[in-house]
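S.K.: Taking full-length UniProt numbering, the leading residue of the sequence shown gets 1, the next gets one more, and so forth.
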Amino acid sequence: MDTSGLGGQTPVPPRDDAAQHVAREAVQQLSQVLWRERELLDELAYALEVEQLILASGRTRWLVRAAGSVETVLGDLRSTELLRAVAADAVAAAFGLDTNPSLRQLATELPEPWTEIFGEHREALVKVTQEITTLADSNRELITSGFRSARETLLSLGESTDGYAADGSAVSASAGTARVDFSI
Numbered sequence: 001m002d003t004s005g006l007g008g009q010t011p012v013p014p015r016d017d018a019a020q021h022v023a024r025e026a027v028q029q030l031s032q033v034l035w036r037e038r039e040l041l042d043e044l045a046y047a048l049e050v051e052q053l054i055l056a057s058g059r060t061r062w063l064v065r066a067a068g069s070v071e072t073v074l075g076d077l078r079s080t081e082l083l084r085a086v087a088a089d090a091v092a093a094a095f096g097l098d099t100n101p102s103l104r105q106l107a108t109e110l111p112e113p114w115t116e117i118f119g120e121h122r123e124a125l126v127k128v129t130q131e132i133t134t135l136a137d138s139n140r141e142l143i144t145s146g147f148r149s150a151r152e153t154l155l156s157l158g159e160s161t162d163g164y165a166a167d168g169s170a171v172s173a174s175a176g177t178a179r180v181d182f183s184i
């Protein structure tokens with residue numbers, strides 16, 4: 001058993017019935033919180049994908065609602081992360097480990113079946129987090145290109161477009177002045 005991640009500590013299984021009950025309750029509670037976190041991360045991936053479809057379509061009517069859904073799920077995730085930290089500390093205390101253990105540490109240090117269960121939770125969380133990162137990056141690019149396009153449109157009012165620069169921005173020749181309220 002690798003104990004290098006926990007300061008050389010070896011987890012001590014609880015010896016008496018009361019301590020075993022507390023340990024069993026702690027690991028079950030942590031597993032339930034991890035399931036909830038996985039569900040929320042799936043909801044976040046869905047909300048980001050909906051947002052991406054709206055952005056890609058160019059029809060922004062539902063964009064504010066989609067962004068609100070993302071923010072709601074993120075708020076729920078923050079609360080669940082706090083619950084996970086508390087539950088993980090309870091597991092660490094029940095097994096005599098240092099506080100604030102990572103899921104990887106728990107997956108390698110706890111006895112079966114929890115090693116396998118927490119290992120599976122960790123793998124699923126890593127996978128969905130990577131998916132969310134990809135979606136968020138893509139959405140950020142779509143928003144940036146939409147902003148750039150809108151900005152160029154506003155700047156080109158009263159100008160004709162001569163072509164495009166190497167970076168994709170419009171190159172315009174001035175055809176007079178136009179008044180645009182950029183504070184809008």
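Virtual Cβ for every residue (Gly too), placed ideally from N, Cα, C. Treat the numbers as computed from the prediction; the structure is a model and nothing was measured.
Taking C-alpha atoms, which residue in 106, 53, 131 lies nearest to residue 121?
M.R.: To locate residue 121, count along the sequence shown from 1; it is residue 121. Out of 106, 53, 131, 106 has the C-alpha closest to the C-alpha of residue 121.
S.K.: Looking at the structure shown, is residue 189 part of a helix, part of a strand, or coil, going by DSSP?
M.R.: With the chain covering 1 to 184 only, the question about residue 189 has no answer from this structure.
S.K.: Cα separation between residue 44 and residue 25?
M.R.: Taking the first residue of the sequence shown as position 1, residue 44 is located at position 44. Taking the first residue of the sequence shown as position 1, residue 25 is located at position 25. Going by C-alpha positions, residue 44 is about 29 Å away from residue 25.
S.K.: Residue 73 and residue 93: beta carbons closer than 9 Å?
M.R.: Working through the sequence shown from its first residue, we reach residue 73 at position 73. Working through the sequence shown from its first residue, we reach residue 93 at position 93. No, Cβ-Cβ distance for residue 73 and residue 93 is not below 9 Å.
S.K.: Whole angstroms is fine: what's the gap from residue 67's alpha carbon to residue 51's?
M.R.: Stepping through the sequence shown from its first residue, residue 67 is reached at position 67. Stepping through the sequence shown from its first residue, residue 51 is reached at position 51. Between the alpha carbons of residue 67 and residue 51 lies a gap of roughly 7 Å.
S.K.: So, under 8 Å CB-CB, residue 80 and residue 40 are touching, yes? Tell me the CB distance rounded to an integer number of Å.
M.R.: Start at 1 with the first residue of the sequence shown, and residue 80 comes out as number 80. Start at 1 with the first residue of the sequence shown, and residue 40 comes out as number 40. The Cβ separation is near 6 Å, so the contact holds.
S.K.: Going by DSSP in three states, residue 77 sits in which element: helix, strand or coil?
M.R.: As a first step, residue 77 must be located in the sequence shown, where it is residue number 77. Helix.
S.K.: Would you list, in sequence order, the uninterrupted alpha helix (DSSP H) runs of no fewer than 4 residues that lie entirely inside the region 99-159?
M.R.: 103-109, 114-155
S.K.: Leaving aside the five residues before and after residue 37 along the sequence, list all residues of the same chain whose C-beta is less than 8 Å from its C-beta, in chain order.
M.R.: As a working mapping, residue 37 is identified with position 37 in the sequence shown. Scanning its chain for C-beta atoms nearer than 8 Å, with the 5 sequence neighbours on each side dropped, one finds around residue 37 the residues 77, 80, 81, 84, 125, in chain order.
S.K.: Quick one: grab the DSSP three-state call for residue 166.
M.R.: Numbered from 1 along the sequence shown, position 166 holds the residue referred to as residue 166. In this structure, residue 166 counts as coil in the three-state DSSP scheme.
S.K.: Do you know how far the Cα of residue 62 is from the Cα of residue 111?
M.R.: In the sequence shown, the residue the question calls residue 111 occupies position 111. In the sequence shown, the residue the question calls residue 62 occupies position 62. In this structure, the CA atom of residue 111 is about 48 Å from the CA atom of residue 62.
S.K.: What number of angstroms, rounded off, separates the C-alpha of residue 102 from the C-alpha of residue 20?
M.R.: The count along the sequence shown starts at 1 and reaches residue 102 at position 102. The count along the sequence shown starts at 1 and reaches residue 20 at position 20. Roughly 22 Å separates the two Cα atoms.
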